[in-house]
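K.L.:
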Amino acid sequence: MIPELGHFSLFLCLMLALTQIVCGYAGAHTGRSTWMAAVKPAAVGQFVFAVISFACLVYAFLNDDFTVQYVASNSNTALPEMYKVAAVWGGHEGSLLLWILIQSAWSFAVASASRDLPDRFASRVIATLGLVSAGFLLFILFTSNPFARLMPAAFNGRDLNPLLQDFGLAIHPPILYLGYVGFSVAFAFAIAAMLSGDVHAQWARWTRRWTTLAWLFLTIGIALGSWWAYYELGWGGWWFWDAVENASFMPWLVGTALIHSLAVTDKRGLFKSWTLLLSILAFSLSLLGTFLVRSGVLVSVHAFASDPERGRFILIFLGFMVGGALLLYSLTARKFVAQGKMQLVSRETALLVNNVLLVCATFVVLFGTLYPLINDALNMPKVSVGAQWFNTFFVPITLVLMVFLGVGMHTIWRQSNVASLKNRLKWPLLVSAVIAVAFPLLVYQRSGVLIVLGTFTALWVVLSSLTEPWLRYRRGLSLRSMPRTQVGMLVAHVGVALTVLGVTYTSAYSTQRDVALQIDAPVSIGGYEFTLTAFERVNGPNYVADQASISVTRNGKPVTELTPQKRTYLVQTMPMTESAIHPRLQRDIYVALGEPLGEGAYSFRLQIKPLVRFIWLGALVMALGGFLTLTDRRYRAVPESKASREAASAGLAS
Amino acid sequence: MIKRLPLIYVVLWALGSGQVCMAIDSESLQDPVLQTRYTHIIAELRCLVCQNQSIQDSDAQLAKDLRRQVRKLLREGKSDNEILDFMVARYGDFVRYRPPLKSSTLVLWLGPVLIAILGVFMLIGTLRRHLGGADEVE
Amino acid sequence: MIKFAIPLVIAVVLFLFLASGLGRDSREIPSPLIGKPAPEFTLPALAEPQRTVALSDFAGQVFAFNIWGSWCVACRDEHEVLLRIRRDNQIPLIGLNWKDTEAEATRWLRTLGDPYVVTAFDPVGDVAIDWGVYGAPETFLVSADGMILHKHIGPLTDDIWRDEFLARVAQ
């Protein structure tokens, strides 16, 4: 009964989504307030039924209901309770249901927080969100029903893929999807603006709020994925430029550009058509990501079971949404061309440079990701586009971006004074340059161009971010009086710098050795000695594992005991490397267990990875920056007086 | 083992991995210079079974064989380029993670440059349209 | 203004590429050896260590070179096809037993039937690397003057054998 209830709830969701679409667009077009009045309740109802549907699937998992095909393929009675919940989104169908739940949650949030939006505009926004929901609902109902019954029922389930039985990966998808799907709000705002023919400062402010929220989740989601890959896949890599990773990275890059261009549209009324285009692009790339992950057109180390049928459906949906939006754009964008003037040395220019660089970076990633497809379609000899190719182009773009970032933060709207910029930035420039040259040589005794540039740009951005608070402090001004948007911006930029620093040092100074270890025969790498002290078999709830105990010492002093495992999960009989990590801010010690080599020896991969934590720490700091921005009075949903707005914008420009 | 299972791809998650081919290569070359070159070369070569992994990271049987082949060629005194050419002659350019610049890969290597040039044009175009005067807009 | 239609045009082009990628097997890698001389090899024959099998043994005749292993699931799928090829006797099949043990491989041929004129035994896998093999089964077609005419990746079927192998020899 329960699964049927879940399935039926999805039908109701579809009906309500159709109500949103029809009443929303038609009501706004004809101006009938009774029609428009139905839109918000429909969005709320859609959310309620999505929750019911999702709860039904969770219930089926918790009760080991193996009459449901999807449960039987992704769970097992021996699976720990926590992973039974995570298993709900462990496969294609359930993750699609999660997407639908999150999509309706965003619609619900927009519907509840849209009191300060004009009725017509709000109706169009929610109608567009309904359109996106309807697409995914049709997809799940026609091709991927998670509630399909299995007759006869399975005696026990086939278990969740062991790779997914992990805390990091359990929470990665919901957060990532909150980001992906969240960009649909900016998309909907753009469509509504194009339909109504009006983009004003208030529009930019609304959109900014939602975009920042989505961006914040996407940032954390990507960082979680990277962190998970680092400790779970066993070889200590944290980014592979894999098609699926790129699929989440591209919306992030465009979303970042969008947040910045929205600032210009908000404050200065410029770049309107450009901002609209970015709003469309961010969500389009989210949809493209879904297509790449679920259709199997690209080779990836991570992918769902690929199915051309599903791929075809998403492609048609993608074509409809993106094609429709861009067609609307090409017809209406003319109206949004701003005639405003700007000065060369100004925040407008700085943000323009930011946008051009971020969009170029996005297109480089897009080009590299889709190149194998283009190549095949043109029947050219197959080539591999891997990390080496991406780094060749992405690293220089990032470095240039960082250099401009340090200056850009100190520019002000309309016109900046070059002399005062020089005055503010000469110390950060000098200090970061000196440290960048000296520090690697002093600490690591070797250096290189990329190390110097990476250190320099990261420090430059950090010091530049701290300049404003420092000057305020010196003048005896309270730091609390700084507008939250500005604090958030500075914090987020420090986050970027931390990530760059982490990437630079991990890439340059990681030590890695694959060694054969025997009991009590120490091996030393990177100043640490590793001794295998014991080897035993341990039993987990649904796996057995060979576990090595390794004691790590430095100059004879004990540092830590590590216990890497090689697990075999009982149901899927899949071997898994469970690496052991000793994490510290300045470095990780990373040990993975390989195979027995005979005569009591085992192969191990030993790694020392300096500053690797900074990569994810930086992402968290970026997200914190986004969060701080959202706490600014300007972005709270309450209607505000013009005077308070003016005050806030004056504060930011100072 | 290298098994071709047509169309049975492992069901996986957005950031989940298809094959857990974590390789630990405990074999090493005595000469530290050769060892450095070795680790460099195997990171440049793509495993053809566990696709999207280098033969350094892949645990597939073929990757092990290819690593052994690389070690053998290094001991025979072959240069890095000779070893890469050896692999390309057998498996095609696909085996290299850094495709060589030639007519068929021109688009791949020049694409980003073109994107950058378009970006610069866009930047200049936008600045030209908006620069001048301190007019107010609102 | 035309420039606002540029994103639409780019999207349409990308859409076409994406559509073309659906249904294509992105994992198959064409061999660079086609049209080139077949790589030399000298290996012991399976289960007959005294006897050697070398490429030169087949000079002057067209033959098909089939890579297999008893561990390979898909090889089992094509085995019936290989037996029919043997029976029809149009092109001789030479086997390359790859990364296998002698015991397993001989048991395979004893229980399922032996479609090969002779099988070369390559437990180490060096000859397979020379031929650019990356999975089993793979089948090469070698011409009378020792050139590789064609390579098929994956299990053979009767249709593939007729269309991709026999047709090439008939030309």
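Chains as they are written, first to last, in our numbering: chain F, 0 to 653; chain R, 473 to 610; chain H, 69 to 239. Built from N, CA and C at the ideal position, the CB exists for glycine as well. Remember, predicted model here, so these are calculated numbers, not experimental data.
So who's on the other strand from residue 538 of chain F, going by DSSP bridges?
P.N.:
F/543
K.L.:
Are residue 534 of chain R and residue 521 of chain R close, meaning C-beta to C-beta below 7 Å?
P.N.:
Yes, these two residues count as a Cβ contact at 7 Å.
K.L.:
What are the boundary residues of the alpha helix (DSSP H) that residue 353 of chain F is part of?
P.N.:
346 to 376
K.L.:
Residue 60 of chain F and residue 74 of chain F: beta carbons closer than 7 Å?
P.N.:
yes
K.L.:
With a 10 Å radius around its C-beta and 16 neighbouring C-beta atoms as the bar for buried, classify residue 154 of chain F as buried or exposed.
P.N.:
exposed
K.L.:
To be precise: take each residue of the region 319 to 334 of chain F, compare its Cβ to all Cβ atoms of chain H, and keep it if any distance is under 7 Å. Which residues remain?
P.N.:
321, 322, 325, 326, 328, 329, 332 and 333
K.L.:
Can you list, in chain order, the residues of the region 517 to 546 of chain R whose Cβ is nearer than 8 Å to any Cβ on chain H?
P.N.:
520, 521, 523, 533, 534, 537, 538 and 541
K.L.:
Got a sec? Which residues, its chain only, sit under 6 Å from residue 573 of chain R by beta carbon, not counting five neighbours each side?
P.N.:
581
K.L.:
Assess, as a yes-or-no matter, whether the region 533 to 549 of chain F is touched by the region 584 to 602 of chain F under the definition of 3 or more beta carbon pairs within less than 8 Å.
P.N.:
yes
K.L.:
Does residue 385 of chain F get closer than 7 Å to chain R when you measure Cβ to Cβ?
P.N.:
yes
K.L.:
Check whether the Cβ atoms of residue 528 of chain F and residue 552 of chain F sit closer than 7 Å, and answer yes or no.
P.N.:
yes
K.L.:
Return no unless some Cβ of chain H is closer than 7 Å to the Cβ of residue 252 of chain F.
P.N.:
no
K.L.:
Exposed or buried, residue 416 of chain F, counting other C-beta atoms within 10 Å across all chains shown (16 or more means buried)?
P.N.:
Exposed, by the Cβ-count rule.
K.L.:
Thinking residue 137 of chain H and residue 204 of chain H are a contact (beta carbons under 8 Å), I'd like their distance in whole angstroms, please.
P.N.:
The beta-carbon separation of residue 137 of chain H and residue 204 of chain H, rounded to 5 Å, stays under the 8 Å limit for a contact.
K.L.:
Helix, strand or coil: how does DSSP classify residue 201 of chain F here?
P.N.:
helix
K.L.:
Quick one, which residues of the region 71 to 83 of chain F are near chain R if we go by CB-CB under 7 Å, in chain order?
P.N.:
none
K.L.:
Looking at the structure shown, is residue 237 of chain H part of a helix, part of a strand, or coil, going by DSSP?
P.N.:
helix
K.L.:
Starting from residue 586 of chain F, trace the beta strand (DSSP E) both ways and give me its first and last residue.
P.N.:
586 to 597
K.L.:
So the beta strand (DSSP E) residue 163 of chain H belongs to, where does it begin and stop?
P.N.:
Residue 163 of chain H -> beta strand (DSSP E) spans 161 to 166.
K.L.:
Tell me the DSSP secondary structure of residue 230 of chain F in three-state form.
P.N.:
helix
K.L.:
Residue 487 of chain F and residue 310 of chain F - do their beta-carbons sit closer together than 7 Å?
P.N.:
no
K.L.:
Are the CB atoms of residue 165 of chain F and residue 231 of chain F within a distance shorter than 7 Å?
P.N.:
yes
K.L.:
Keeping to the same chain, check which residues put their C-beta closer than 8 Å to that of residue 571 of chain F; ignore five residues upstream and five downstream.
P.N.:
157, 158, 160 and 161.
K.L.:
Here's the rule: buried if 16 or more other CB atoms are within 10 angstroms of the residue's CB, otherwise exposed. What is residue 608 of chain F?
P.N.:
buried
K.L.:
Mind checking who residue 528 of chain F pairs with in its DSSP beta bridge?
P.N.:
F/523 and F/552
K.L.:
When you compare each of H/214, H/176 and H/152 to residue 114 of chain H by their alpha carbons, which one comes out closest?
P.N.:
H/176
K.L.:
Using a cut-off of 7 Å between C-beta atoms, extract the partners of residue 99 of chain H located in chain F.
P.N.:
Those within 7 Å of residue 99 of chain H in chain F number zero; the least Cβ separation is about 10 Å.
K.L.:
List the residues of chain H whose Cβ lies closer than 9 Å to the Cβ of residue 562 of chain R, in chain order.
P.N.:
99, 100, 101, 107, 197, 198, 199, 200 and 201
K.L.:
Which class does residue 649 of chain F belong to by DSSP, given the choice of helix, strand or coil?
P.N.:
For residue 649 of chain F, the pLDDT reaches just 41, beneath the cut-off of 50, and the residue's location in the model is therefore unreliable, although a value from the coordinates is still provided. If DSSP states are grouped into helix, strand and coil, residue 649 of chain F belongs with the helices.
K.L.:
Using the C-alpha atoms, what's the distance from residue 351 of chain F back to residue 328 of chain F?
P.N.:
If you take the alpha carbons of residue 328 of chain F and residue 351 of chain F, they lie about 20 Å apart.
K.L.:
When the Cα atoms are used, what is the spatial distance from residue 489 of chain R to residue 172 of chain F?
P.N.:
Here the model assigns residue 489 of chain R a pLDDT of 32, short of 50, so the residue's position is not dependable and the matter cannot be decided.
K.L.:
What three-state label does DSSP hand residue 87 of chain H in the structure shown?
P.N.:
helix
K.L.:
Which value, in whole angstroms, describes the spacing of the CA atoms of residue 184 of chain F and residue 220 of chain F?
P.N.:
If you take the alpha carbons of residue 184 of chain F and residue 220 of chain F, they lie about 18 Å apart.
K.L.:
For residue 380 of chain F, return the contacting residues in chain R, with the cut-off set at a CB-CB distance below 9 Å.
P.N.:
564, 565, 566, 576 and 577
K.L.:
Which stretch, first to last residue, makes up the alpha helix (DSSP H) that contains residue 557 of chain R?
P.N.:
DSSP places residue 557 of chain R inside the alpha helix (DSSP H), whose first and last residues are 552 to 563.
K.L.:
Listed from N- to C-terminal order along the chain, which residues in the region 185 to 196 of chain H have their beta-carbon within a distance smaller than 8 Å of any beta-carbon of chain R?
P.N.:
192, 193, 194 and 196
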